[in-house]
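What follows is a short report on a single structure.
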Amino acid sequence: MNRAVVVGGGVVGASAAFHLARAGVETIMVDRKDPGHATFAGAGIISPGTSTRPLPAFFPFAQVAVAHYPALIAALAEIGQTDTRYEVVGELILAMDDDELANLLDLRALYAERRAGGMPNLGAVSEVDNATAKQMFPALADIHGALYVPEAARVDGDCLRNALVAGARAHGAEVRYGGASIKVERERVVGIELDREVIAADGVVIATGAWTNALLSPLGFAVAVEPQRGQILHIELGDVDTSRWPILGGTGDQYMLTFGPNRIVSGATRETGSGFDVRLTVEGMQSVFNHAMRVAPGVGSGTVREIRIGLRPLSADGLPYLGMVPGHVNLVLATGHGPSGLQLGPYSGLVAAQLLTGNEVEADVAPFAVDRDPVANSYVGH
Ligand SMILES: Cc1cc2nc3c(=O)[nH]c(=O)nc-3n(C[C@H](O)[C@H](O)[C@H](O)COP(=O)(O)OP(=O)(O)OC[C@H]3O[C@@H](n4cnc5c(N)ncnc54)[C@H](O)[C@@H]3O)c2cc1C
């Protein structure tokens, strides 16, 4: 593989471009920067052990993906890219009422079962009382109970993507902006077309998130991926140092996490069926603000700094699509990471680069085959 094109500049495509360029492949990454691209809005929680709903095939891959993070951060640091805001800060799984307390007991049993099954990132789960939880997260409301998972980490998806793009450039990659289409001649992918210019390549990675089917359909192929809108709130808390506060989970789909020096990120909506509608809505914001004030009323005096909207590339069975596109020996697809793309995506980008260059892949990606039947998988929720 001498020359590769990566279509899509979210966290998955940026990682694929970084790893291809780092491996010495002449790499061109093309991104259309669509409004609502998911990586910009992603919260950044990296804690697969506390995920409750994915299919079993998610977990072995997620473990490898999370274990890959420190090596990736080190590889970026080697070339001066240190601003990813990746940090292990721990997670408090909260119970704000008696129903959630009952759920907490179930979660405790689930985590013990996972730990006994060899899952990392759940090593020292402990119970935490109200006073201790408030010391850890001073803006917190009174709680009925909590579990603390010290291994949970977070990352700023936008910073990580920017670092990966800069890293890819440092390794010689070219970055272009605009909408690409796949160029096929005599049933072989020969590159892409961008603004009527043909960019020849020996292989192409498609990492176009929620927009993937528009690119695949001229090839007569489609995957079960749809956009799922997420609205998420960014708050600044005056002179308070929030840089080491833990992630807050356990309260349904919504959560809270922090970044330094004083940022709180709270959300997010999960609006399945939203289509490509990237509007900020009244009911979306109401649910996000209600959650923030219920869980951490101490943020009430904070400043609303920003509201982000992203379209998660949601697959029908909740698993990514990661593999060769059937009928093509030099076309790799990496999408469908749904609510877990910041956890999995950097590693998926590496796998996409390995698949395209014919290198060995450590993780088992068979469950993510591009031509699988997602309807055959039973997925319990989005
Ligand atoms: C509110 C919210 C919270 C989230 N929280 C978390 C979290 O805590 N943890 C976690 O792991 N994940 C989280 N996610 C999910 C995560 O952000 C996504 O799964 C991930 O960012 C998807 O990355 P991607 O590269 O596949 O897609 P995207 O980031 O959407 O990037 C796709 C890119 O492809 C480009 N593109 C599309 N078509 C073309 C074309 N034809 N030519 C050129 N470019 C094209 C688009 O413009 C876009 O820039 C969250 C997502 C949202 C929205």
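As numbered in my numbering, residues -8 to 373 make up the sequence shown, in order.
Glycine included, each C-beta is placed from N, C-alpha and C at the ideal position.
Note that this is a predicted model, so its numbers are computed, not measured.
Grouping DSSP H, G and I as helix and E and B as strand, with all else coil, what is residue 77? Here residue 77 sits in coil by DSSP.
Measuring only from the beta carbon, is residue 328 closer than 7 Å to any heavy atom that is part of ligand 1? Residue 328 Cβ: within cutoff of ligand 1.
Less than 8 Å between the beta carbons of residue 143 and residue 255, yes or no? Not in contact: residue 143 and residue 255 (Cβ atoms no closer than 8 Å).
At what residues does the beta strand (DSSP E) containing residue 242 begin and finish? Where residue 242 is concerned, the enclosing beta strand (DSSP E) stretches over 238 to 242.
Within 7 Å: the Cβ of residue 24 and any heavy atom of ligand 1? Yes; taking the cut-off as 7 Å, the Cβ of residue 24 has a heavy atom of ligand 1 nearer than that.
When the distance is taken between beta carbons, is residue 172 closer than 8 Å to residue 209? In this structure, the beta-carbon distance from residue 209 to residue 172 falls below 8 Å.
Below 7 Å, is the gap between the Cβ of residue 108 and the nearest heavy atom of ligand 1? Within 7 Å of the C-beta of residue 108 there is not a single heavy atom belonging to ligand 1.
Can you name, in chain order, every residue of its own chain whose Cβ lies under 6 Å from the Cβ of residue 127, other than the five neighbours on each side? Here the set comprises 237.
Going by Cα to Cα distance, which pick from 300, 169, 243 is closest to residue 92? Selected option, being the one with the closest Cα: 243.
Enclosing beta strand (DSSP E) for residue 64 [first to last residue]: From DSSP, residue 64 is part of no beta strand (DSSP E) but of the alpha helix (DSSP H) over 49 to 69.
Euclidean distance between Cα positions of residue 353 and residue 56: Taking the straight line joining both Cα atoms gives about 10 Å.
Would you say the beta carbon of residue 333 is closer than 7 Å to some non-hydrogen atom of ligand 3? Annotation note on ligand 3: not contained in the displayed structure, which lists ligand 1 as its ligands.
Using a Cβ-Cβ cutoff of less than 8 Å, which residues in the same chain neighbour residue 82 once the five nearest sequence positions on both sides are dropped? If we look at residue 82 and ignore the five residues flanking it on each side, its Cβ neighbours are 36, 38, 41, 139, 140, 143, 237, 238, 239, 240.
Determine the direct distance from the alpha carbon of residue 269 to that of residue 292, and round the result to whole angstroms. Taking the straight line joining both Cα atoms gives about 28 Å.
What number of angstroms, rounded off, separates the C-alpha of residue 335 from the C-alpha of residue 65? Going from the Cα of residue 335 to the Cα of residue 65 covers about 17 Å.
Pick helix, strand or coil for residue 355, following the three-state DSSP scheme. In the structure shown, residue 355 falls within a coil segment according to DSSP collapsed to helix, strand and coil.
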